[in-house]
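See below for the structure under consideration.
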Amino acid sequence: MKTNTPAILTGTHTLSGNEACIEGAFAAGCRFLAAYPIMPALETIDRYLQRSSEVDATFIQMEDEISALAAVIGASWTGKKSMTITSGPGLSNMMEHLGLSVMLETPCVIIDVQRAGPSIGIPNRPGQGDVMQARWGSHGDYELIVLSPSSPQEMFDFTIKAFNFSEKYRSPVLIMADEYVAHQKGEVKIQPANKIKIEPRKYFKGEKDKYLPFKRDKNFVPRMVDIGENYKFHVTGLTHDDRGYPVMTEKCQEYNVHPLLWKILNDRDEIAEFKESNTDDAEIVIISYGASSNTAQKAMKQARELGIKVGSLKLDTVWPFPDKKITELAEKVKTLIVPEINYGQIVLEVERCSYGQANVVFVSHGETEIDNPDNLISIIKQSQKEKQVKKGIIEYRNETRRG
Amino acid sequence: MESKEMAEKNVLPKDVPTMDVHPMDDVLRMDRIPHIWCPGCGIGTAVTAFAEGLKKAEIDLQKTCIVSGIGCTGRVAGYVKLDSFHTTHGRGIAFATGIQVANPDLKVIVFSGDGDIMSIGGNHFIHAARRNVNMLVICVNNFIYAMTGGQVAPTTPHAAYATTSPFGAVEPPFNIPYIADSSGAVYVARWTVLQVRRLTDSIAEALKKPGFSVIEVISPCAMYYSRINRLGDGLDMMKFYHDNTEIRHGEDTKNLDIGFQTKIIVGKFVDRERPTYMDSYNKWLSGTVKD
Amino acid sequence: MKYWGKPFGKELPKTPTGEIHILKERCKGCGFCVEYCPKDVLELSDEYNSKGYHPPQAINKDNCVNCGLCGMICPEFAIWTTLKEEAVHEN
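Residue numbers (this note's numbering), protein chains in the order written: chain W, 31 to 433; chain V, 186 to 476; chain L, 185 to 275.
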């Protein structure tokens, strides 16, 4: 079954977002996929299967999304990097096991190709309505790393980044793509294998009977082992101590859950990545992520040509949210404009972090339309007319909107 | 750590010289004994039979792992000294499927209760049986949801009392061997905890057999099922099993329904060969993908 | 070669004897071992352990044949037998 095609297809290709995501997964070392087919993520499974014999990767189609994530967590403990791919309704199903993977501290990657919601919605229109659910969906307290790609190249890069984060922090990582980015074809440049940075799994290398599955190092991250290496460990979803045995007391709850938050929050400045342009002298900044960032970039260029001082902040990492950067921008500029393909999710975080120092304007695309830049230009012009800082989130009804 | 100090105190009681080690010390986590199960509960006996069965089958314990769900029987993973996982309610079989498919050299055992496997986990049970994933499922059936206080389960016999069926169970119960058989399991057996030796032999046999094997273990629940239904305590239930079980190997699984205090038919019902999931997967890959 | 009768000098059948070990602190007084011992060696004692249960005691120690059923049927891992000696059975 060995062919000459390698796992990493170095070179320049024209791929859709779905296909680039799978190439990124193979480049990162993923060798196990358990998924339930759902629109608009179907092409990922097709691409995975097409390449699975060349790469020697395993695929199983599970009976529902709940068992898909359960199988991924199980497979991750055997030493294989594992992932699952779903959309909005599937992510809702997976919430209990997201909590389990946080508690068992299992590295895995979940890709959510968002679509119009709620419930069944429109399977083949883009949406960004799962962003809050990705962070707050499961019960209890936890922190999660959530990335948001906006082009096929970013789908490739962010998938590799997601696997690296998941191994570094021994935590599940979500990638919130959407139908627009998943089906868009674009140029993807893949580096040679020795230039792609892959984070290896942190293994425990001591004596077999001295392994503690949850003993943390100075970064609050414990070491992992594979099943079948005679470590005879026990892990549980109940509140546990270092040995993995359940201890249900208040002290142990703090001992167990507090580091789950702080292993990620301690590094939030490095994890929360973004790309900013033209913000040094800007009066208005457009904060965007995912599919709507393409429009935002174009609108910024057109506004600059018109002489309006507009900058752009594109969020690569949506959670942990870059609080400090938003507060810093709010102190400098007059207006923050947030376009989203939903009825208001990240704009709530932006408003919280601006602490009333700048106007926060929300441009809703809840009707799942990918806008053209003219609409954003007219909103920029309207927001320039605001004389003072208004409380709350401002939303303009616009005449140049279609329909 | 609080629990560590507590565990150290319970290592071995003082009335036994330390040279006298319990024969199951190498398969059970003795630092967590005494366990949480009630006096008269049969789960401890099922775990003893399992430990003996593991030794009898002479399988490589290094490559064995055990997955449990939630519930009284779900605590078994915490007491067995293998790579063990205590996962979410009902999803142990899906978890075990992931482990098995990712590393086919491992032997996976799912040890869980009737409410866990047949109620919330019913879907995963029939799919894993259909696929014939290589694992052994030991389902301890005490006819009730014991850990949460005695609610009615899908295996509670018709007209038996439980806290959520105070006037008698309305629904007819599941017949676990019938479902396993019709979904495609290759080895289906049912024993009560009274027949420990036969249960041990059954477990040893099923551990060596590739494919999806199901062993239903009928156990007394002294605190809830037998108390709420005025059947006495654990010992009275054992005496009932002594007088009312009949061994019928190879019986058609259609006839294995359990009613309230009726005869229980036990034995090995299904022992057949079918290609396992990994056999079919490898054949499909090598057959369709050309070099 | 089939023997028609017991030849002189043929060995008499041996029955082993077992030694019973009871971890009194683990016992929860369920009574399974007492009920199902085939040689009626055990009965529940009057003493009690720190949890208030009455553990079993061996009253006919010499009758124990090391069948191991008490150890297999005990849910608490509190009783087991070890082989003491292979004795010649008089019957």
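A virtual CB, placed ideally from N, CA and C, is assigned to each residue, including glycine.
- The shortest C-alpha to C-alpha distance from tyrosine 363(V) to any of Glu356(V), Tyr372(V) and Ala287(V) is the one to Tyr372(V).
- Under the three-state reduction of DSSP, serine 387(V) is assigned to helix.
- Taking a Cβ-Cβ cut-off of 7 angstroms, the neighbours of phenylalanine 270(V) in chain W comprise Val265, given in sequence order.
- In terms of Cα proximity to histidine 238(L), the closest of Phe192(L), Thr199(L), Gly213(L) and Glu209(L) is Gly213(L).
- Against chain L, a Cβ distance below 9 angstroms from alanine 331(V) picks out nothing, because the smallest value is about 14 angstroms.
- Closest by C-alpha distance to proline 403(W), out of Val391(W), Ala329(W) and Pro352(W), is Ala329(W).
- With 16 or more neighbouring CB atoms inside 10 Å of its own CB, valine 399(V) falls in the buried class.
- Arginine 315(V) and lysine 421(W) have their C-alpha atoms spaced approximately 59 angstroms apart.
- Contact between serine 112(W) and serine 106(W) is confirmed by a C-beta separation of about 5 angstroms, below the 8 angstroms threshold.
- The C-beta of aspartate 160(W) has 16 or more other C-beta atoms within 10 Å across all chains shown, which makes the residue buried.
- The Cβ atoms of proline 369(W) and leucine 336(W) lie no closer than 9 angstroms to each other.
- In the structure shown, lysine 292(V) adopts extended strand secondary structure according to DSSP, grouped into three states.
- Annotation: Cβ neighbours of glutamate 237(V) in chain L (cutoff 7 angstroms, chain order): Met256.
- In this structure arginine 81(W) does not touch asparagine 48(W) by the C-beta definition: roughly 13 angstroms separates them, more than the 8 angstroms allowed.
- In the structure shown, the three-state DSSP call for aspartate 456(V) is strand.
- At a cut-off of 9 angstroms between beta-carbon atoms, valine 451(V) makes no contact with chain L.
- For phenylalanine 89(W), the enclosing beta strand (DSSP E) has its first and last residue at 88-91.
- Under the DSSP definition of a beta bridge, valine 218(W) partners with His43(W).
- The beta carbon of threonine 40(W) sits closer than 6 angstroms to those of Ile220 and Pro222, all from its chain and outside the five residues before and after it, given in chain order.
- The shortest C-alpha to C-alpha distance from valine 318(V) to any of Asp464(V), Arg276(V) and Trp469(V) is the one to Asp464(V).
- Per DSSP, the unbroken alpha helix (DSSP H) holding alanine 105(W) starts and ends at 95-106.
- Per DSSP, isoleucine 150(W) has no beta bridge partner at all.
- Beta-bridge analysis with DSSP links leucine 63(W) to Phe89(W) and Met113(W).
- The way I'd put it, the segment 342-357 of chain V doesn't touch the segment 255-262 of chain V; fewer than three beta-carbon pairs between them come closer than 8 angstroms.
- Only buried fits proline 358(V), as 16 or more other CB atoms lie within 10 angstroms of its CB.
- If you check each beta-carbon in the segment 267-279 of chain W against every beta-carbon of chain V, the ones closer than 8 angstroms belong to Gly267, Leu268, Asp271, Asp272, Arg273, Tyr275, Pro276, Val277 and Thr279.
- Interface annotation, cysteine 250(V): in contact with chain W, CB-CB separation under 9 angstroms.
- Residue contact check for tryptophan 376(V) against chain L: no CB pair falls below 9 angstroms.
- Within the same chain, and ignoring the five residues on either side of glycine 386(W) in sequence, the residues whose Cβ sits closer than 8 angstroms to its Cβ are Val419 and Lys421.
- Around the beta carbon of leucine 196(L), fewer than 16 other beta carbons lie within 10 angstroms, which makes this residue exposed.
- When rounded, the separation of the alpha-carbon atoms in leucine 121(W) and methionine 215(V) is 40 angstroms.
- DSSP places isoleucine 284(V) in the helix class (H, G or I) of the three-state scheme.
- Residues are counted here when their Cβ sits less than 7 angstroms from a Cβ of chain W; for the segment 297-328 of chain V these are Asn308, His309 and His312, given in chain order.
- With a cut-off of 8 angstroms on Cβ pairs, the segment 263-277 of chain V is not in contact with the segment 328-335 of chain V, counting fewer than three such pairs.
- Taking a C-beta distance under 9 angstroms as the contact criterion, isoleucine 361(V) and cysteine 324(V) qualify as a contact pair.
- Excluding five sequence positions before and after methionine 124(W), the CB atoms of its chain that fall closer than 6 angstroms to its own CB belong to Glu95 and Leu99, given in chain order.
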